[in-house]
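For the sequence shown, this note's numbering gives the first residue as 65, with consecutive numbering after it. Ideal Cβ placement from N, Cα and C applies to all residues, glycine included.
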Amino acid sequence: MLVSAREMLLKAKEGKYAVGQFNINNLEWTKAILQTAQELNSPVILGVSEGAGKYMCGYNTIVGMVKGMIDTLGITVPVALHLDHGSYEHAYKVMEAGFSSVMFDGSHYAIDENIEKTKEIIRVAHEKGISVEAEVGSIGGEEDGVIGGGEVADVNECKMIADLGVDMLAAGIGNIHGKYPENWAGLRFDVLEEISKATSPMPLVLHGGTGIPEDMIKKAISLGVSKINVNTECQLAFAKATREYVEAGKDLQGKGFDPRKLLADGVEAIKATVKEKMELFGSVNKA
Ligand code: 13P
65 MLVSAREMLL KAKEGKYAVG QFNINNLEWT KAILQTAQEL NSPVILGVSE GAGKYMCGYN
125 TIVGMVKGMI DTLGITVPVA LHLDHGSYEH AYKVMEAGFS SVMFDGSHYA IDENIEKTKE
185 IIRVAHEKGI SVEAEVGSIG GEEDGVIGGG EVADVNECKM IADLGVDMLA AGIGNIHGKY
245 PENWAGLRFD VLEEISKATS PMPLVLHGGT GIPEDMIKKA ISLGVSKINV NTECQLAFAK
305 ATREYVEAGK DLQGKGFDPR KLLADGVEAI KATVKEKMEL FGSVNKA
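Structure (structure tokens):
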């Protein structure tokens, strides 16, 4: 069964660990993440960007696929199906389709408009038991055409949005999507600490989980981060393993061209990445 992300994140905040949001791209991705979560007895959030939603033939297809897998694979750990960086229109679309959680990214609007739109989405979502993530201060880098400048969030704006009753809050603290540049200055823990104090007990979300050093991840969790988003790292792991398979000529041996064989090493690489993150985030055995 799909669940809202609210309870699992409140529990994570209290227990000082974080739940991973892993973005999905196709059937193999989804299956790999769900199986790993079950094996490690960890709660999990499946993230779907608008671009990935379009790629996977729309939100209804995704809801059908995820529910079908939960049933067929016997997944009993809490699973939230979450729209990542949703626009106002798509937030409504996924709620209709049956997602259990939604991010409305109004960070590019002026704060007043971000507040108005977030408020409306909270009202509709909470009537259906769907959790809501809001964003203040855009996350740097580019993800599926959503480009952010890497702002550092304003603490007062964070408090204003948190007070609306969102279930989790993403605040820019120097984090960016994709690989971090050599000269990256690191996370702004001073700002995170202030936001955390001002919005307590709101679970905070750290986007751009790929490539953040382990000690920074642990410190961020100790300062109130309860959800960490990872996307690029699974993609890199999948691509590397698949490239190695082809470069070793394995697709030319026997039935190595069968997609179930061709993609198998990539799937194992996704599983290994998800496992590593769940262990680092501390969500193992917290289902
Ligand atoms: P990465 O691709 O950098 O891991 O970021 C994922 C993310 O924040 C999804 O919203």
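Segment limits, alpha helix (DSSP H) that includes residue i
i    : result
F302 : 296–311
M159 : 152–161
L256 : 253–263
M342 : 328–345
S195 : No alpha helix (DSSP H) holds S195; the beta strand (DSSP E) holding it covers 195–200.
V219 : 219–226
K282 : 278–286
Span of the beta strand (DSSP E), counted from its first residue to its last, around residue i
i    : result
D315 : Looking at the DSSP string, D315 is not in any beta strand (DSSP E), and its letter there is neither H nor E.
I88  : That residue, I88, is in no beta strand (DSSP E); it is neither H nor E in DSSP.
S171 : Taken as a continuous stretch (DSSP letters only), S171 belongs to no beta strand (DSSP E), as it is neither H nor E.
A234 : 232–235
V67  : Where V67 is concerned, there is no enclosing beta strand (DSSP E), given that its DSSP letter is neither H nor E.
L270 : 268–270
Reference residue i, options the options, closest by Cα
i    : options                : result
D227 : P267, E297, P277       : P267
A336 : G79, F86, E71, M65     : F86
Y173 : G229, E199, T263       : E199
D329 : G346, V348, L300, F345 : L300
I259 : A249, L270, G250       : L270
A249 : N239, T100, V255       : N239
A69  : F168, K291, A312       : K291
E191 : Y81, E160, D169, D315  : E160
L66  : G236, G162, V196, I97  : G162
W93  : V230, V338, K314, G313 : V338
I334 : L73, I88, V83, L74     : I88
E332 : V83, K80, K95, A76     : K95
I109 : A351, A284, G84, T125  : G84
C121 : N90, G318, I225        : N90
E215 : L251, S164, A189       : L251
T100 : V143, Y123, S195, A217 : V143
M224 : E78, N295, I179        : I179
E103 : D322, K118, V141, Y123 : V141
K264 : G242, E246, C222, S164 : In the sequence under discussion, the amino acid at residue 264 is Ser, which differs from the Lys named in the question. Checked all of G242, E246, C222, S164; the closest Cα to S264 is C222.
T125 : S106, P107, V158       : V158
A351 : L137, P107, L98        : P107
H241 : V294, G138, L316       : V294
K243 : I139, T296, A312       : T296
T136 : S164, Y156, L98, H154  : L98
A235 : K75, D218, P245        : D218
S195 : M72, K325, E153, G320  : M72
E197 : P323, L145, Y123       : L145
Residue i at chain B interface by Cβ criterion, 9 Å
i    : result
T140 : Within the model displayed, chain B is absent; a lone protein chain is all it includes.
message = For the structure I just gave you, are there three or more beta carbon pairs, one from the stretch 97–115 and one from the stretch 172–185, closer than 8 Å?
response = no
query = Quick one: complete alpha helix (DSSP H) runs, 4+ long, within the stretch 107–138?
reply = 114–119, 123–136
ask   = Counting pairs of beta carbons, one from the stretch 337–344 and one from the stretch 119–135, are three or more of them closer than 8 Å?
value = no
query = Three or more beta-carbon pairs under 8 Å between the stretch 138–155 and the stretch 163–178, yes or no?
reply = yes
query = Contact between the stretch 295–312 and the stretch 273–280: three or more CB pairs below 8 Å?
reply = yes
ask   = Would you say the stretch 280–290 touches the stretch 74–81, given that touching needs at least three Cβ pairs under 8 Å?
value = yes
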